[in-house]
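Chains as they are written, first to last, in the numbering used here: chain A, -5 to 477; chain B, -5 to 477; chain C, -5 to 477; chain D, -5 to 477.
Just below is one structure, and these are the notes that go with it.
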């Protein structure tokens, strides 16, 4: 699954949101600027909207909009943000059909106890049931976002709770599914990870100030020290008395999303004690063992296949080589004047490195195949550049099932692995051979991780209840606030 | 009260919102384009945000943002709006401190019965009480806008109502103050004017399609025929069976805002059966009778003093002349590089017409004085251009009291009439004489109107309960979503 | 000729450029900001491009672009301009087909003696001959602007001249036609008006610093004192020794453009000793004498007919009244989604004031008729609003001939007066009667002016040689640099 | 020399322009869209301005502006460009101090024979002499760009030439230095490479239509077939009779810029018969032989050190590993709110991959060192991530001399290699060892190329006359047209 797909034809699954929060102890820290940097470090988790909310003496001021971090924030609008005690940030992926400004986060609301800001990553599986309940009580919704629902649940629970913490604990009892949440009440920063631990969430420290964010790479971005992952079911509360931790809910089984290791997370992050880069490299090693081949060079599809390609090379002894040069100046803004544009765009974006592949038997590694068009194009680029054989290796098992826990995967009909066998796919994409990592192989790529895994999108075995079918489509009608 | 004040120093009261709605019967009408035109015709009622919401088969798509009509709508974003059966529009005035993107309208929400869009003009006087009630039940708020509160009230009432109409009627029982509302449910367009009739709202027809909007000038903008004003307390329902009217609530006394006649409304509008232009002209006539003077010419401050100046001229026999040329290219975007910019800006914006005023005794008519700086500047411009006498006449009584019904007036401390007598003001602004229209005179400028008046901002006598003091400031803390 | 024509259908002649220059003596003056204000005051002379060039120690830094003053200049780009000793400004009108970024002014060039900046208003009648000559010597052109040609002529003459003044004098010998020029050499500000005096150019003083600009209203904009008009054929040189004047070329007859008085100039300007407002008012008075009529009210088409309407009212005794309300928020950016947009736009832009015109016999004054569609529309708006008679009066003679001296007039075929008699035009526009000001009447509207007049566009009698026909179209092929 | 330097502190030499031209034979080709794609493929050669000029029936229409390809071109402005027979494109690098809109290319001019468009890459060494000559004849200049000078020379030569080809040949006699030029006359596309062959220029074919451009990677971008390099001193003329070639000028010695192989060109280009990628890989191999070291892993600084790192790994047997993860979302637009921003930006942009480097002896390869700050930062990042040794290897010799042939290199004082020995630099950047490629080694990296080399910036030995010192600074005073 290489990133240019998203630009070109949305042929792939999409990653989800990134969250950030800081509780400032050191006066000298400019938390708005720090949040901006952290969001750059999380940008790979969502490019549809970005936002920063500052808690200044209990009230929030927020800059957020559709667009990338570089587009949403300007010197002008950031200069209007004070340097608050608590600052939240968010980047968001949104499927196109749902590109709704009102869903941008952090969400800032007012309720009976004052103001509240929320940054969320995940997917609430009993969303529909809860929303029905709330609407039956007169609630109104301005978006279909999980964050708004969660805000409501907390507001409702707060009525009969003696503290925001108690309201959050009660809310956690109600909501199910995947959530890595950061909240700011007037005086507290609260972080919460669902009991399954579907999505990453980690704790760091910058001088004496605590930072919570989706991935450790964002800590590196701001020069913060990584302390540890937030545990599944753990609630952290940071206030002027320091840091307090509590496990508020447990699940039978922890189940971190394997697709985070395979594709979503950044390779320089360490999640659950495992380096994402090394997990991918290991996937490449196992992939060779499962699908050995004789060849002259091993290449990765940039950028998502590069790590696994190095593992494949190491295990096989076949030299690693650069197979493609990627044009770093091509963004998704290209629309082009004519119908043949899309085809040409692929050429403009990726160029096979003829000097390396000409006359060679090439192993090409990618992280996944969704519809197959991109892989087909990759194979063609290699053959056009003179490769005599092209062996495609995929560092994850075939995608066959929807994800209900925060990864946006195409409908099952669109997934090529639901319509074809591996042999048929191999013929379709025009490769000489094709090998996928096995489910068993996948289970080993991060076998030293501190928690269990979810491989539901590959295996169909979900680690938590999935939404009841009858409710699935009720909120497919969207409220759209166009930019 | 001339409009350049807003650009320069916000030295004046501010007008409030404009609303628009159309229920399309004729297929050939392009309602999005029509809404855009109507909003241009309402732009004088609010320049801080603009929006259009289209009801397409029961769901809404909305384009709205901070900015003027010309800035918010582009061919690109409008082209994404389908040609729905019902289309609402809104322009909004917002005091600067409250410039919150989340308050842009039309507000589109989802509740138990589907979607609902709201365009509102007015001010709910028991806002705080209702919000407290709702929050006590777990409600969350994303803005401090009246529209969001009204949406909540309707959603809450809808639970125990058999129809949206019934819910609206029950909601009208709860909310107090000024409201001219246009709603769209999935199948109906509903218009509602508060029982006092504080703000204007009128009905028109374009071919066979009904249109509801704040002022008749917006009907002219789109070539629609004016039918009648919506009556105080009247609810109109327009659906595929046609138009239905019902008086749902009455007040002891109707009380249309006199300041609409004096300043807010456009002179080509006809409200409550009275031409705004003629009302202003009549104010000028009475003004002469109350404060006669010998002079060579009568001029109006452009644009708001021009109508009254013609009446003054007619009553007095003193020739009407153009006193100022206004630079139509100056907008509020000018910020300038240096401190002396504001002074120069006034020169750039208005230029006294020396050819007319030199050596003359000049009567200069404006609609109001707030802080006095603008009037002072006007007098100086005339003297610099050679006027030998300058007699200032104001076509309304002195501003002394806050408005709780939808006109934004400066705090009482800032109102010069609360600090000085007319004589002192005359000396402060440097005029040879100064005369205000009397309260009695004001009462006659639209004495053939179909409903009663509110002159609370001048007299301090309010026609409806005003907010209880203890609640006033609770929501002064703002949620701000910066652009 | 009312300004909304330009927005809608370019149905009218177009005004030409505005020029500005200041030589700073007083250190405290912020000349960039002053130039910006002055350009706002000249914006009516051209809205296609705007620019400011600063002479800082002999080198120029320039901000210019397509667009209005408010769009071209930002705090950001102006902040990059130093506060130079000499600052030039320019606003430009460009016929659409020629919308070429490379033609924006001030033009800054380098030649053998260093740098030179030029702001120009006018039209060189022997442009083609001179350009042919220059190209035969190897010259290259990056635009078809007069300013570039003039720069070349000066550069060429400078080779054999001992000073920039001498080069300018020699250049004036070569170029013919209309030019009001402001130049900056490294150390001098030079202003030059052609010997006919076709276009305005005047001198003012701000504290001790001299200012030169197209119209006196721009002096008012910046608080400068008007000193006098630059004389036809006069060259002013301003440097650190002060102001030097010299008549460098004379014509048999001076011939100021009458259309400046009728339409182009701003009413608060005084040109050649005559108030533009009073000239227009006088045109209205004479118009009544030439075409008397019985009626109830006299109205002007905003904004260009308002001054003459007051004269017509005064001469006739028929009361002056406001006939139309103009929507000040409509700009040319409106493009609309559908074909019927243009029609609707007219309604949105101007609204007849029914309260004044209903049941009345209305005299409506405009400054000119080009194609007739706008007048037709104006008459229809009045009749729709209930006028029982509509008498159109035009405060200038029929347009029949092209202008070669800087006013852009439609091709002769498009001019309705070349295809129809006044009676036919009256029927075409649907008026009850129609009267044009006579040529003789026109000659009296500014009969106390200090110089002679050109009425070539009305009479066909030109006061100076016009371009030879064979050359006219050679440069109609345009170099276009699209924004 | 890694690209993020340019974003952050301009600490490195800058690449120069990219040129493109197509002569359309196949009607179905959309040449504007093709040019846009090609410019994306050349974007690495210049990001300061971009432009496309279309020759439509002998006249040109041009879209160009400051900014990247993605910012300059929009659907809106490209849609105004017709699908001409000849289309030129250009991307430009400009040192900041010279960021002048008037220098954007393609330059379109009119001269005695009609119109001419020019796209240029290179540097004319006798610029000052020629400009003096031209100015002495009355020429004016609107920029300091080479392209404007070349246009003048051609226009001047054209007077006494019977064809544009003859004028170009004569012009080539006058101009000296580096130039890869593409011209369009009304009917012909002309490409010209200087007799030294300093800069790349190649010929391709798309269907039956010829294409000329800087690098072969741009041919790949548009799906065109590479035919051959334009030879040093060769002039290609393409018109409706086909392709004509002529060697119009020869030099004693051909001298292609070695820095193109080291850094400027894209690795997937093939220039003078040599793959850029393989040349860099070979540099890495030789580098190991010249500066062997014992280590655990070899890493490259992304992106410019990656190719050489693979060669180093191959020659040494030390495993290649990913040392840094680059944040692809960071652009130069980041300015930050505070002084400490620059430091943090570096962290945000590059993150050392701790999983690979921790506890390792690391060889890190970069292509060059300019001021040394970036290398210092790279070493620090590796040490912070736990590297126990850091050995820096540079795949080119030390930079010590200016380039007069089109590469922008910092002044000699800023070059660290002019102030320190290699040992001192090693200590300054904090590495355990440092090794540069030798001049001799450099000469071998592309030893199978078809032409000779220039290594003047490393050796000080220039292959062609350099500008005479006295003229160097004359045009350092810039005409600046700010955006």
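Just so it is clear, CB atoms sit at the ideal spot from N, CA and C, and this is done for glycine as well.
For residue 149/C, the closest Cβ of chain D is nearer than 9 Å.
Boundaries of the beta strand (DSSP E) around residue 228/D: 228 to 233. As the crow flies, the alpha-carbon of residue 372/A is around 13 Å from that of residue 298/A.
Across the set 268/D, 177/D, 122/D, the C-alpha of 177/D shows the shortest separation from the C-alpha of residue 229/D. The DSSP-derived three-state label of residue 414/B is coil. The three-state secondary structure of residue 438/B, taken from DSSP, is helix. Residue 211/B belongs to the set of residues whose beta carbon lies under 9 Å from a beta carbon in chain C. Counting of Cβ neighbours within 10 angstroms places residue 274/C among the buried residues, the total reaching 16 or more.
The Cβ-Cβ distance between residue 34/C and residue 215/C falls below 9 Å. About 6 Å separates the beta carbon of residue 152/B from that of residue 107/B, a gap short enough to meet the 8 Å contact definition. Cα atoms of residue 150/D and residue 52/D: separation of roughly 20 Å, rounded to the nearest angstrom.
In this structure, residue 47/C sits near residue 102/C, with a CB-CB distance shorter than 9 Å.
The residues 20, in chain order, have a CB closer than 6 Å to that of residue 201/D in the same chain once the five nearest residues on each side in sequence are set aside.
Of 279/B, 173/B, 184/B, the smallest CA-CA separation from residue 458/B is found for 173/B. Within the DSSP secondary-structure output, residue 240/D pairs in a beta bridge with 229/D. Short of 6 Å from the beta carbon of residue 309/A, and not among the five residues preceding or following it, lie these beta carbons of its own chain, in chain order: 279, 282. Under the Cβ distance rule, residue 110/D counts among the residues neighbouring chain C, one pair being separated by less than 9 Å. Around the Cβ of residue 79/D, a 10 Å sphere holds 16 or more other Cβ atoms; the residue is buried. Note on residue 157/B: under 16 other CB atoms within 10 angstroms of its CB, so exposed under the neighbour-count rule. Bridge partners of residue 211/B according to DSSP: none are assigned.
Judged by their CB atoms, residue 58/A and residue 475/B are nearer to each other than the 9 Å cut-off. Within the model, the alpha-carbon separation for residue 122/D versus residue 100/D is close to 22 Å.
Using a 10 angstroms sphere on the CB of residue 32/B, the tally of other CB atoms reaches 16 or more, which defines it as buried. 12/D is the residue among 146/D, 12/D, 84/D, 359/D whose C-alpha sits nearest the C-alpha of residue 39/D.
Ranked by how close their Cα comes to the Cα of residue 98/B, the residues 351/B, 56/B, 429/B, 72/B have 56/B in first place. Residues of chain C whose Cβ lies closer than 8 Å to the Cβ of residue 145/D are, in chain order, 134. Sequence-distant partners of residue 238/C (beyond 5 residues in either direction) whose C-beta falls short of 6 Å from its own C-beta, in its chain, are 231. Remark: fewer than three beta-carbon pairs, one from each stretch, lie closer than 8 Å, so the region 283 to 290 of chain A and the region 256 to 273 of chain A are not flagged as touching. By alpha-carbon distance to residue 236/C, the top candidate from 17/C, 143/C, 461/C is 17/C. Here residue 12/B carries a strand assignment [DSSP, helix/strand/coil]. Under the Cβ criterion of 9 Å, residue 475/C is counted among the residues facing chain D.
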